[in-house]
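Numbering (my numbering), first residue to last: 309 to 359.
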């Protein structure tokens with residue numbers, strides 16, 4: 309799993325990076341949220357959050 313942050317709105321999203329994470333379905337809502345956000349605000353910039 310990777311965390312990415314919208315630099316303009318300071319919102320963090322969790323994205324699946326492995327097939328297991330994607331198929332588990334636990335992050336589907338996060339994927340939908342980032343898709344909706346990028347459609348609504350196409351000029352937003354995203355950056356990976358390093359822990």
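Note that the Cβ used here is the ideal one computed from N, Cα and C, for glycine as well.
By the criterion of a C-beta distance shorter than 8 angstroms, residue 323 is surrounded in its chain by 309, 310, 311, 312, 335, 338, 339 and 342, once the five residues flanking it on both sides are discounted. In chain order, 309 and 310 place their CB closer than 7 angstroms to the CB of residue 325, counting only its own chain and leaving out the 5 sequence neighbours on each side. Considering only 357, 353 and 359, the residue with the shortest C-alpha distance to residue 317 is 353. According to the DSSP assignment, residue 323 belongs to the beta strand (DSSP E) that extends over 319-323.
Where residue 314 is concerned, the enclosing beta strand (DSSP E) starts and stops at 310-314.
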